[in-house]
Structures are given as C-alpha cells and as structure tokens.
Amino acid sequence: MVEGWIADRMAGIDSSGIRKVFDLAAKMSNPVNLSIGQPDFDVPESVREAAIEAIQSRKNGYALTQGMPQLREKLQARVDKIGHEDRSVFVTSGTSGALQLSLMALVNPGDEVIFFDPYFVMYPALVRLAGGVPVIIDTYPDFKIPIEKVEAAITPKTKAILFNSPANPTGVVNSKEEIKALAELAQKHNLALISDEIYSTFCYEDNFASPADYYPQTIVIDGFSKSYGMTGWRVGWMHGPKALMEAMIRLQQYSFVCAPHPFQLAAVTALDIDQSKEVDNYRKKRDMILDGLKDHYEIPHPGGAFYIFPKLPWGPGEKFIKTAIDNNLLIIPGSIFSNKDTNFRISYAASDETIQKGIDILVKLAKEGK
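Shown next as structure tokens:
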C-alpha cells in the first residue's frame, strides 16, 4: 500500500552504486578496500581539539544559515584574491548540499544541464531532482574537455554547465587552456558554470586552475571533507555572484538550515593548517599504484584527486568486478559513473600496505584474462 505514496520523481533515483559496494564490503571479511573516496588520514589534531572546545563551550545550537562570521570572514579573504568585486561566500551542509542548492536555485523544469562523462555519481540524480534534463558529453578516451562537442550541445534550453577538476572518478586534471576555453564558452552563451572544486588541494603536477579565474560569474563549490579528512563533519562552502549566493542562502533556510555549528568553528582552525605533507604523501601513493599497474592496464594520466580510472583488461565489467570481489578486492565499476562500461575506479586513499595488496590482485587478474 505504501508504495503508492512514493512520489513520481523517485522513479529515476536508484540507490547509489557506491553505497551498494559499501554494503557489500560490510559483509566481507577484511577486504582489500580500494573503493572508498575518503582520505585515510585523520582530521588534524588541532582541528579535533577546536571542535571539542566548541562542543564543551556549548556552541551546539543552530548556526547562522549563511555560516558563522568567523569562518565566512576567512573564506571571503581567500575569495577576494580572485579579484571579483561582486563575489560572496556562504557555508553549506557539505559540498553535496552545495550542489543541490545550486541546481535547485538555478534550474527550472525542462532546463538542460551539461556535464561530462565520466561524472560524479550524484550529478544525474541532482539535476533530475531539480526538474532539469541531464545533457551528458562523452570525454573518452583521454577525458579532456571537448569544447566543440559542448558548444554543439548548447540549445535555447541550456541553463548550466557542471564541471569537476580534479575529477572523480578519473583523477584527471584539466589544463588551464581547456578550463579557460570552457569558461569563455559559458560566458559567450550566458550560461551558469558550476565548478565542483572539492579536490582542488590534490594537484600533483600543475597548480590548480579554476574557471572563476576566467569567468567572473562562475559558481564555485568547495569544502573541508577531502583536504582535512572531515568527511563526516558536513562543512562545505560556496562562492559566486552575490545575488545567486543570497538566493541559495534563502533555499538553505528551508532545507539544511545550516552546517553543524561546532564543526564550522573548528573549520576556522583548519584553514590555518598546511596540508602539503598529506598531498605529497598522496602523490607517492598515486605513483606507487601507477608504477605497479602500468605494464598491465591502460590508465589515463591522473594528475590529481586520489583516484585512477583504468581501462578494463577484459570484460564485461560486471564479470571483472565480480572476479575482483571473489579475490577479496573492492573496486568500483566504471558504469556507476558513466554511460559506458569500459573502465573501473580505484581509490588510493588507503594505506601503502592495502595499495600493494590491491596491485598484486589486479596484476593477477590482468594476467588471468590474457
């Protein structure tokens, strides 16, 4: 009987494929887990202490919807360096909350939103929940931005472009030239450009480049989850044109209300911490897994984040992933992030010991398929 209560909009919203893998992991005995996109380092000690201090000081009530002033002032100081006069910040309930607020505030029913395949697993669902129509641009095999394809996909119904670099699931960092061309295209057609920059700290070869460097109206989404290991604390932030930020703040009043108060205060401390050692450590992990797999797998170069997206050595993908699981290895099928089933995602946010075990199993699987 209750099935009839479920809204029609839920018909296209399945459980996240990543969550299904996590459920499977809970049933396995000590798996070699290269599936989860969560840093294996802990929240810095001083940040944990700041959170404890805030809780003990009874800073446990609602925060201001737009974020606590101490945190917003520090974030605004960073944003002011971009040099846009009409750009403000606010604090969100994680970057996932920021993505949802952006699309809900921008997209009318039937509006088209362009994003790139492979994509973060939430993108199609969030666009549909906002009443929008996903327009997905294929970037295989090198995952560069195909500007000509993007321009050809723009119609009178196009409202926004959603972009992510460094990218989940590929780890690819798009060049400044690609990003500049995308920003200029969005500006030319007066489109909203939403830049998901949650992995901006993890760039291993080149300095991070944002579309906001080239297009003043870019909406930027960032957060503390990946850079500081604060995934469970749900503190994200956005910056963009003031009028848009004010609209999203109003929307947050009627959805998430605010990011957790004590963790916002702890995030003020986080902004003063140099995480370059963690980034260097993850660069080494990236190099370790590339060196271990390069003779057996075709891997588009991952310049950032903490993922690689190898091409399947044999298939179909479902059979390869099942064989990996049978060998006690958890990886994510590429079809979760894509309309194609040609690749799989590895997260190297794990101990070196776990990474080496994963390499050994993957080399074995590649050889077995020959």
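In my numbering, the protein residues as written are 20 to 389. Cβ atoms here follow ideal geometry from the backbone N, Cα and C, with glycine treated the same way. Just so it is clear, the structure is predicted and the values come from calculations on it, not from any experiment.
Span of the beta strand (DSSP E), counted from its first residue to its last, around residue i
i: Ser214; result: Ala211 to Asp215
i: Ala30; result: Element bounds for Ala30: n/a, residue is neither H nor E.
i: Arg253; result: Here Arg253 belongs to no beta strand (DSSP E), and DSSP marks it neither H nor E.
i: Lys178; result: Thr177 to Asn183
Residue i and residue j closer than 7 angstroms at C-beta
i: Val66; j: Ala324; result: no
i: Val154; j: Ala172; result: yes
i: Gly190; j: Pro352; result: no
i: Pro315; j: Ala385; result: Reading the sequence as shown, one finds His at residue 315 and not Pro. Yes, Cβ-Cβ distance for His315 and Ala385 is below 7 angstroms.
i: Ile213; j: Ser76; result: no
i: Glu197; j: Ile238; result: no
i: Ile392; j: Leu331; result: The chain is shown only over 20 to 389; residue 392 falls outside these bounds and no answer can be derived.
i: Leu210; j: Ile166; result: no
i: Gln236; j: Pro260; result: yes
i: Lys304; j: Tyr223; result: no
i: Arg302; j: Phe328; result: no
i: His258; j: Val40; result: no
i: Asp130; j: Lys207; result: no
i: Ala70; j: His280; result: no
i: Gly311; j: Ile378; result: yes
i: Phe139; j: Thr158; result: no
i: Met249; j: Val62; result: yes
i: Pro128; j: Gly150; result: yes
i: Phe282; j: Val254; result: yes
i: Ala369; j: Asp59; result: yes
i: Glu170; j: Leu204; result: yes
i: Pro188; j: Tyr326; result: yes
i: Trp333; j: Gly251; result: no
i: Trp256; j: Leu94; result: yes
i: Leu270; j: Met123; result: yes
i: Pro319; j: Phe162; result: yes
One or two residues paired with residue i in a DSSP bridge
i: Ser107; result: Gly259
i: Ser366; result: Tyr326
i: Gly242; result: Gly255
i: Leu349; result: Asn52
i: Asp136; result: Asp157
i: Val152; result: Glu131
i: Cys222; result: Gly323
Extent of the continuous alpha helix (DSSP H) run through residue i
i: Gln375; result: Asp371 to Glu387
i: Asn300; result: Ser295 to Leu312
i: Ile74; result: Glu64 to Gln75
i: Ser357; result: From DSSP, Ser357 is part of no alpha helix (DSSP H); its letter is neither H nor E.
i: Gln206; result: Lys195 to Lys207
i: Lys168; result: Ile166 to Ala172
Collapsed DSSP secondary structure at residue i in the structure displayed
i: Ile101; result: coil
i: Leu125; result: helix
i: Met267; result: helix
i: Leu90; result: helix
i: His315; result: coil
i: Thr189; result: coil
i: Val276; result: coil
i: Phe41; result: helix
i: Leu120; result: helix
i: Ile292; result: coil
i: Ser229; result: coil
i: Phe282; result: helix
i: Ser115; result: helix
i: Ala343; result: helix
i: Leu331; result: coil
i: Tyr247; result: helix
i: Ala96; result: helix
i: Pro143; result: helix
i: Lys338; result: helix
i: Gly23; result: helix
i: Lys78; result: coil
query = Is the number of C-beta pairs between the segment 236 to 255 and the segment 99 to 114 that are closer than 8 angstroms three or more?
reply = yes
query = Counting Cβ pairs, one atom from each stretch, are 3 or more of them under 8 angstroms apart for the segment 258 to 270 and the segment 176 to 189?
reply = no
task = Report yes or no: do three or more beta-carbon pairs, one from the segment 226 to 234 and one from the segment 51 to 59, lie closer than 8 angstroms?
result = no
key: Touch test, the segment 286 to 293 against the segment 140 to 148, Cβ-Cβ under 8 angstroms, three pairs minimum   = no
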